[in-house]
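So the sequence lines, in the order shown, correspond to chains A and B. Just so you know, we're using my numbering here: the first sequence kicks off at 2 and counts up by one. Just so you know, we're using my numbering here: the second sequence kicks off at 395 and counts up by one. Where a beta carbon is used, it is the ideal one built from N, C-alpha and C, also for glycine.
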Amino acid sequence: MLHRFANPARFLRIAAVVQPWCAAICALALAAGLYVAFFASPPDYQQGETVRIMYVHVPAAWMALFAYAAIALAAAVGLIWRHPLAFVAAGAAAPIGAAFTAICLATGSLWGKPMWGTWWVWDARLTSVLVLLFLYLGLIALRHAFDDSDRGERAAAVLALVGAVNLPIIKFSVDWWNTLHQPASVVKIGGPTIHPAMLTPLLLMAAGFMLFFVVVLLIRIRSELLARRLRALRLAQAHAAEPAAATRGPVLG
Amino acid sequence: MDALGQFLAMGGYGAYVWPAYAIALVVLAGILIASVRTLNTRRRAVAALEAALPRRRRQGGSADDA
Numbered sequence: 002m003l004h005r006f007a008n009p010a011r012f013l014r015i016a017a018v019v020q021p022w023c024a025a026i027c028a029l030a031l032a033a034g035l036y037v038a039f040f041a042s043p044p045d046y047q048q049g050e051t052v053r054i055m056y057v058h059v060p061a062a063w064m065a066l067f068a069y070a071a072i073a074l075a076a077a078v079g080l081i082w083r084h085p086l087a088f089v090a091a092g093a094a095a096p097i098g099a100a101f102t103a104i105c106l107a108t109g110s111l112w113g114k115p116m117w118g119t120w121w122v123w124d125a126r127l128t129s130v131l132v133l134l135f136l137y138l139g140l141i142a143l144r145h146a147f148d149d150s151d152r153g154e155r156a157a158a159v160l161a162l163v164g165a166v167n168l169p170i171i172k173f174s175v176d177w178w179n180t181l182h183q184p185a186s187v188v189k190i191g192g193p194t195i196h197p198a199m200l201t202p203l204l205l206m207a208a209g210f211m212l213f214f215v216v217v218l219l220i221r222i223r224s225e226l227l228a229r230r231l232r233a234l235r236l237a238q239a240h241a242a243e244p245a246a247a248t249r250g251p252v253l254g
Numbered sequence: 395m396d397a398l399g400q401f402l403a404m405g406g407y408g409a410y411v412w413p414a415y416a417i418a419l420v421v422l423a424g425i426l427i428a429s430v431r432t433l434n435t436r437r438r439a440v441a442a443l444e445a446a447l448p449r450r451r452r453q454g455g456s457a458d459d460a
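Structure follows, in C-alpha cells:
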C-alpha cells in the first residue's frame, strides 16, 4: 500500500487529479459552514453571539492536533521504512499546522476576553497548545538548521516523535487538571453534547479546514519535490560544464 | 441598514467575533498564497533549467563525436 505512493512521479499524477476536487469541495464546505455559522445557527444561551467564534476556533484546534499527528506518523514512516516522500510530507505539513495552531490561540484569546474576562491564562489547555506552536516552530527551524538537508530532516523527525507526547496532554488536559477551558463536548464518550444547530456549522467548517490542509499540503509537497529537482538539475549543469574542460586535457596530451 | 448594523454588532461582541474570523482568513490566505507563489517560482526555474540543459548535453555529445 505504501509502496504504491512511494514513487514521486506517481504521487504527482494522483495529486494532480485529487487537488482540484479537494479545492472545490473545500470552498463549498467553507461557504456552507460560514452561512450556517452566521445565519442559520442560534446564539448560545450563556455566551450569546461569541459562540460563533467556536466555528473557527474549534476546527482550527482539531487541525492543529491532526496536522501534528500526521507529521509524527510521517516522521515514523520516514525513519523506519525510509519512505522517500515521508520527510517531504512532514516538512510540508509543519507550516500549515503552525498556521492552524496560531489561529486557534488567537481566536481562543478573542473568545476568552469577553467570556472569561482575560485574554490569556496559564492553564493546562492553553499552555499545552502554546507548547504545540513552539514544537511546530522548532520543527521548521530544525529542518533548516543543517547544511545537509537530509540530517535536518532526520533531526526534525526525531523531534516530531518526541513532541507527540504533547498530543494526549492537550486532549486530556481539560480532564486531568481543573482548567478554565471547558471540557470536550463533541469528541467524547457517549456522543456529542452539543445541539445539532451548532454541530452542523462546526462540522462543515471542520471539513473545509481539513480539505484546505490537504490542498495546501499537496501544493507544498509538489513545491518541495520541484526544489529537489532544481538542486539535481543545478548539479547536472555543473557536471555538464566539467567534461568539456576534461576533454581538453587528453587532446593536449 | 439597521439589520446590517445589528448583524455587525453581534450582540455587542462584534469587536471579538469579527477579528477572530479576520485573523483566520488572513493566516489561511497568507499560507495558501505563499505556497502557490513558491510553487510557481520553482516550476519556472525548473522549466528554464530543463530547457537549457539538454542543449548543453547535445553540444557536449557533438564535441565528443568530432
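Using a CB distance cut-off of 8 Å, residue 423 of chain B does not count as an interface residue toward chain A. Each of A:30, A:101, A:89 and A:24 was checked against the Cα of residue 61 of chain A, and the nearest Cα belongs to A:101. Taking each of A:161, A:85, A:128 and A:129 in turn and checking the Cα distance to residue 9 of chain A, the smallest one comes out for A:85.
Distance from the CA of residue 240 of chain A to the CA of residue 161 of chain A, rounded to the nearest whole angstrom, comes to 36 Å. The straight-line gap separating the alpha-carbon atoms of residue 63 of chain A and residue 204 of chain A is approximately 11 Å. Our two residues, residue 104 of chain A and residue 213 of chain A, have alpha carbons roughly 14 Å apart in a direct line. With respect to chain A, the C-beta atom of residue 417 of chain B has a partner C-beta closer than 8 Å. Secondary structure note for residue 129 of chain A: its alpha helix (DSSP H) is the uninterrupted segment 125-144. Secondary-structure assignment with DSSP links residue 399 of chain B through no beta bridge to anything. In this structure residue 227 of chain A is in contact with residue 437 of chain B, their Cβ atoms being roughly 6 Å apart against a cut-off of 8 Å. DSSP, read as helix, strand or coil, puts residue 408 of chain B in helix.
When the alpha-carbon of residue 172 of chain A is set against those of A:185, A:163, A:164 and A:181, the nearest one is in A:185.
Going by DSSP, residue 155 of chain A is part of the alpha helix (DSSP H) stretching over 150-164.
Shown in chain order are the members of the region 52-71 of chain A whose Cβ falls below 8 Å from a Cβ of chain B: 53, 54, 57, 58 and 61.
Here residue 40 of chain A is exposed. Its C-beta has fewer than 16 other C-beta atoms within 10 Å. Contact between the region 105-113 of chain A and the region 52-60 of chain A is present, with at least three C-beta pairs closer than 8 Å. The contact set of residue 397 of chain B on chain A, defined by CB atoms closer than 7 Å, is empty, because the minimum CB distance reaches about 12 Å. Proximity of chain B to residue 238 of chain A at the Cβ level (cut-off 8 Å) is accounted for by 443, 446, 447 and 450, in chain order. If you look at residue 51 of chain A, you'll find it isn't in any alpha helix (DSSP H); DSSP assigns it neither H nor E.
Closer than 8 Å at the C-beta level to chain B, one finds these residues of the region 100-111 of chain A: 100, 103, 104, 107, 108 and 111.
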